[in-house]
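Written below as structure tokens is the structure these notes are about.
In our numbering, the protein residues as written are 4 to 247.
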């Protein structure tokens, strides 16, 4: 039994390595996407002003949240694309089965999530640096402007966990759509319908994950959810293979 486990992981790792080299273009697109988001962030996320007589004050806020949002969209798209036939055909020359293919996909998505989480967090640091040198420092609110190493690492971990969860959701949706094309319509319709009927559903889901300030508990919730989503995706994918 142990030899089979080693063989399974060995084949999955070889497929993962092959896919990582084959999909380097996806990582390049991520960097281009993040650069675009960073440039848009330089325009400011919000602005408000107040005046009295000859005195007026304008406050402009800047945030790297757009870099995170673009990274989330990117990893969601990549997760869905990995389940499509053109991307699955990459596995054809390789020795393996549907399980090893799925395991290598999971490894690729986790690598992409780590890479995107680190670069998106550093993108926020880069935005701070740019604003520090191009803006009038006398007009800047410096409270909380400089990040400590602890805050930086905390932000990276949270970003990686969020991207990993999104990739699991995207892969799950992609597998369902490949199993039955009707899910391409049912999933968005059901999601929009649920949000309209249960107006606090989205807020409740978010609070379930981030309602507790404990990073350990947040990480546990995210990892359990991701494992369940990937596990169900593999079972659905295996049944697709059996039906074919």
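Note that beta-carbon positions come from the ideal geometry of N, C-alpha and C, so glycine has one too.
Please read these numbers as outputs of a predicted model, since none were measured by experiment.
Within 10 angstroms of its Cβ, does residue 108 collect 16 or more other Cβ (buried), or is it exposed?
The residue you call residue 108 lines up with position 105 of the chain shown. Its Cβ being crowded by 16 or more others within 10 Å, residue 108 is buried.
Residue 5 versus residue 69 - alpha carbon distance:
As a first step, residue 5 must be located in the chain shown, where it is residue number 2. As a first step, residue 69 must be located in the chain shown, where it is residue number 66. Reliability fails at residue 5, whose pLDDT of 46 lies under 50, so the model's placement of it is uncertain and no value is given.
Which term fits residue 168, buried or exposed, when burial requires 16 or more other beta carbons within 10 angstroms of its beta carbon?
Translated into positions along the chain shown, residue 168 becomes position 165. Buried, because 16 or more other Cβ atoms sit within 10 Å of the Cβ of residue 168.
Does the beta-carbon distance from residue 221 to residue 231 come in below 9 Å?
Your numbering for residue 221 matches position 218 in the chain shown. Your numbering for residue 231 matches position 228 in the chain shown. Not in contact: residue 221 and residue 231 (Cβ atoms no closer than 9 Å).
Alpha carbons only, please: which of 162, 172, 175 and 124 is nearest the one belonging to residue 150?
Stepping through the chain shown from its first residue, residue 150 is reached at position 147. Just measuring C-alpha positions, the residue of 162, 172, 175 and 124 sitting nearest residue 150 is 124.
The region 109-117 contacting the region 195-203, beta-carbon criterion three pairs below 8 Å:
Contact annotation: the region 109-117 does not touch the region 195-203, with fewer than three C-beta pairs closer than 8 Å.
Measure from the alpha carbon of residue 181 to the alpha carbon of each residue in 84, 11 and 66, then state which is nearest.
Walking along the chain shown from the start, residue 181 turns up at place 178. Among 84, 11 and 66, the Cα nearest to that of residue 181 belongs to 84.
On the three-state DSSP scale, how would you describe residue 17?
Here residue 17 refers to the residue found at position 14 of the chain shown. It is helical.
Reduced DSSP category for residue 68 - H, G, I as helix; E, B as strand; rest coil:
Here residue 68 refers to the residue found at position 65 of the chain shown. In this structure, residue 68 counts as helix in the three-state DSSP scheme.
Pairwise C-alpha distance: residue 18 and residue 103:
Working through the chain shown from its first residue, we reach residue 103 at position 100. Working through the chain shown from its first residue, we reach residue 18 at position 15. Each residue's alpha carbon lies about 8 Å from the other.
For residue 149, the first and last residue of its enclosing alpha helix (DSSP H):
Locating residue 149 in the chain shown gives position 146, counting from the first residue. Taken as a continuous stretch (DSSP letters only), residue 149 belongs to no alpha helix (DSSP H), as it is neither H nor E.
How many Å lie between residue 101 and residue 22 at the Cα?
Here the question's residue 101 lines up with position 98 in the chain shown. Here the question's residue 22 lines up with position 19 in the chain shown. Going by the C-alpha atoms only, they are around 15 Å apart.
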